[in-house]
Structures are given as C-alpha cells and as structure tokens.
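Report on one structure; see the data block that follows.
Residue numbers (the numbering used here): 8 to 412.
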C-alpha cells in the first residue's frame, strides 16, 4: 500500500514549511534521544547493570545492528503504508525497546532493548525522507532534508541533559520520561496518517521490490560511499573528546565545548549544504558532495597534525571544519537516494543506502580504537580515517551517475 498523493488544494491549505517539517524534525530528535541518552547516562547505567566497559560498548553495537538489519525492510514498509504510519510505528517500537531497557537487570536484556531501539529508529530516516519527497518541490528537497536532519543534534543536546537529571531520579525514571515523550510524538505523527490506496499487483511483493533496488547501480554507489563516509563521521564524534583531552592536552571542559561546537556547526551545515545544492547548484548534488567529503579527508590529516603539535586552537578549529563537512554530508546523500528511484520506492531506497551508513558506524570506531591501542597515537587513527573517506570519494566519483531533475 502507498499513500495517496496530496492534491493541489491540500498543498495550499497545508504548507509543509509551517507544520510538517517541524513534525519530521521532532521525529529525528525523539529517535535520537533514545540512543544518545543511554550514552549520556553511561556513568549511571553501567555500574547499575554490573557491566564492564566492553560490555557497555556492545550495547551500541546492538543498536547499530538493529539499524543495519532493519533499514531495508523499514524503507519498504514505509513505501507501503506511508509517512504517518511509518513514524507512528517507529514510536511504538522505540517505546517497546525503552520499556525493555527499564526492566533490564543485566547485559542480555539491555542488549535486546538496544537492538529493538535500533529497529525503531531505522524507520525514521526513510519515513521522514519520503515525507520530504512527497511534500516539497525538487528545488527545495535538499533544504527540507537538511532542516529535518537538525533533529539529530537537537536530540543529542536534549540527551546530554539526562545525566543532570540522574542526580535527582533513577535512570529508569528518566527512560520513562523519554517513553512518555515518544508517545506524545506518536500522537502528533498520527496527524500525518492518510488513507492508503492499493498498489499495482506487479509491485506488490515486498521482497521483489527489495531485490530490484539491490540491482540499481546508483543506489549501490550511494550504499558503498555512505559506508565509507559514515565511518569518518562516527570516528570523528566517538573519539573527539578523548582526542582533545589526551592528545591535545586540553581540559575536560574545553573538550566538551569542542564537541558541542562541532554538533552546532553540523546542524547548520546540514541545512546549508542542502540549500546550496537547491539554489546555486540547481539540484545537482554529486560534485558538491565530492567537495565536502574530500575536504573532510584533508581535515582528518590536519587533525593528525594538531594532535602531534598539541595545538589546542588548531584542534578546535579543525573540529569545527569537520563538523561542517563529514558531520553534515548526510543531507546530500539522503536527497540523492530518494531522487535516484521512482517515488513509490523512495523509502526502500533510503533504507538501502542507510544500510551502508550503519555498517560504517558499526565497524569504524572499533578499527580506530584498535589503531590507537596498537600505535598509541590518535594521529594514526585520523590518517587512516582520512584515507577511508578519500577512498569513498573515489568510489562515488567513479560509480555514481547523477540524474537530471
């Protein structure tokens, strides 16, 4: 099943910039709140559940595994039921995972909870991207995707405040507050539900549709490139504060400030690159993506130099530039993903490319950490990350053929 397209009169009565874009942004913020809150509450959750550091790290591996296994089916599901039901279902699954987490008394149940939360968030990207495809004209799509993507850093900022709350209440109570917030968000997302219409018989088999997408050359290029690019993004954010503290020798407060600045610049970059591709580049996004990610590869090399020089100002400056590049490219990749296929397959297409992104998020940080453990230098990890991102750029240039819109 797929959603009935908006009529002209409906579009006039419901300007998506007035309400719908806000709903999409909040969907990302609430989804992000579930996973990042667990990270923020690590000093409380880890000892309460009796976990060592390695076991706690596996919780995020389980979350990423949920996204990896859920991305493509979630996208195909959204294509069948529409944006509204996709987001409502995401909220239901997120709440289910969070409830399981509140009942956890050890590692096994906590792992299951994070896996389910990962499944829930795997619905959010394809649902929100499909909403942009349906409600916004081609010359404003990337801008809209950039705006809704700012929900990710917004959710991260809100999650950071949960550690403060933990001084006044149990971490389980905080999770219940997040559950209540998610239920409220589900009610808001329900306003987007529309009556579905039957699909054509030839397009009705879910697995056939997924198989067709796997044979698409452009989606394959986006899948591969997203994996390499997201390896860079996750390596950057995962180790930034440790790098500033241990390699650049800054204070903990300044290291945290650096992370906050990178997140803030990332929010601006997600909107800015999208708007730039819509206006100055007239909807052509490939070469802007190449420029952004190639610059990020060079900035990773510069980051390695900042660590060896113990240059605080240089480290902060490069972190800001990486926030503007490697932490902001997703707007362009998501837009190209939904534009690469017919509208009926937009959700599944983004699910497919997200599979590459989540795979990069799973394998990148452990590799970076292993390099640091082996050599004792952050600079080697950043040089390797720069090479990985540069290789992703090369693959993208060679394999991706941008269509005219």
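Just so you know, even glycine gets a beta-carbon here, dropped at the ideal spot from N, CA and C.
Same chain, Cβ closer than 8 Å to residue i, five either side skipped, listed in chain order
i: residue 302; result: 328, 332
i: residue 269; result: 243, 244, 247, 326, 327, 329, 330, 334
i: residue 336; result: 236, 240, 280, 296, 299, 300, 303
i: residue 170; result: 47, 48, 50, 51
i: residue 182; result: 44, 105, 108, 109
i: residue 282; result: 149, 150, 153
i: residue 200; result: 89, 91, 92, 95
i: residue 253; result: 385
Contacts around residue i, its chain only, beta-carbon distance under 7 Å, and the 5 residues preceding and following it disregarded
i: residue 234; result: 363, 364, 366, 367
i: residue 386; result: 311, 314, 315
i: residue 266; result: 247, 248
i: residue 58; result: 114
i: residue 306; result: 325, 328, 329, 332
i: residue 378; result: 387, 388, 391
i: residue 395; result: 235, 238, 239
Extent of the continuous alpha helix (DSSP H) run through residue i
i: residue 227; result: 224–249
i: residue 456; result: Absent from the model: residue 456. The displayed extent of the chain is 8 to 412, so no value can be given.
i: residue 324; result: 319–331
i: residue 403; result: 385–406
i: residue 375; result: 353–382
i: residue 132; result: 131–142
i: residue 112; result: Residue 112 -> no alpha helix (DSSP H), and no H or E assigned at all.
i: residue 410; result: Careful: residue 410 lies outside any alpha helix (DSSP H) and carries neither H nor E.
i: residue 35; result: 27–47
i: residue 414; result: Absent from the structure is residue 414, since the part of the chain shown begins at 8 and ends at 412.
i: residue 343; result: 337–346
i: residue 170; result: 169–172
i: residue 297; result: 293–316
i: residue 154; result: 148–156
Buried or exposed by the 16-neighbour rule on C-beta atoms within 10 Å, applied to residue i
i: residue 209; result: Its pLDDT being 44, under 50, residue 209 is placed unreliably by the model, and nothing is read from it.
i: residue 373; result: exposed
i: residue 338; result: buried
i: residue 110; result: exposed
i: residue 289; result: exposed
i: residue 380; result: exposed
i: residue 410; result: exposed
i: residue 73; result: buried
i: residue 393; result: buried
i: residue 222; result: exposed
i: residue 343; result: buried
i: residue 67; result: buried
i: residue 405; result: exposed
i: residue 120; result: buried
i: residue 117; result: buried
i: residue 174; result: exposed
i: residue 286; result: exposed
i: residue 294; result: exposed
For residue j and residue i, believed in contact at Cβ under 8 Å, the rounded distance
i: residue 196; j: residue 30; result: 6 Å
i: residue 159; j: residue 41; result: Not a contact, Cβ separation roughly 12 Å.
i: residue 124; j: residue 70; result: 6 Å
i: residue 56; j: residue 113; result: 6 Å
i: residue 93; j: residue 134; result: 3 Å
i: residue 419; j: residue 407; result: What the structure shows of the chain is the stretch from 8 to 412, and residue 419 is not part of that stretch, so it cannot be assessed.
i: residue 5; j: residue 369; result: This structure cannot settle anything about residue 5, because the visible part of the chain is limited to 8 through 412.
i: residue 358; j: residue 81; result: 5 Å
i: residue 193; j: residue 98; result: 4 Å
i: residue 355; j: residue 161; result: Not a contact, Cβ separation roughly 27 Å.
i: residue 320; j: residue 157; result: Actually they do not touch by this definition, with Cβ atoms about 27 Å apart.
i: residue 77; j: residue 101; result: Not a contact, Cβ separation roughly 12 Å.
i: residue 226; j: residue 360; result: 6 Å
i: residue 317; j: residue 255; result: 6 Å
Sequence-distant residues of the same chain with beta carbon closer than 6 Å to residue i, five excluded per side
i: residue 138; result: 31, 90
i: residue 167; result: 47
i: residue 353; result: 137, 140, 345
i: residue 24; result: none
i: residue 257; result: 251, 319
i: residue 103; result: 123
i: residue 278; result: 153, 154
i: residue 308; result: 393
i: residue 176; result: none
Any non-hydrogen atom of the ligand GDP within 7 Å of residue i CB
i: residue 352; result: With respect to the ligand GDP, the structure shown offers nothing to examine, as it has no ligands at all.
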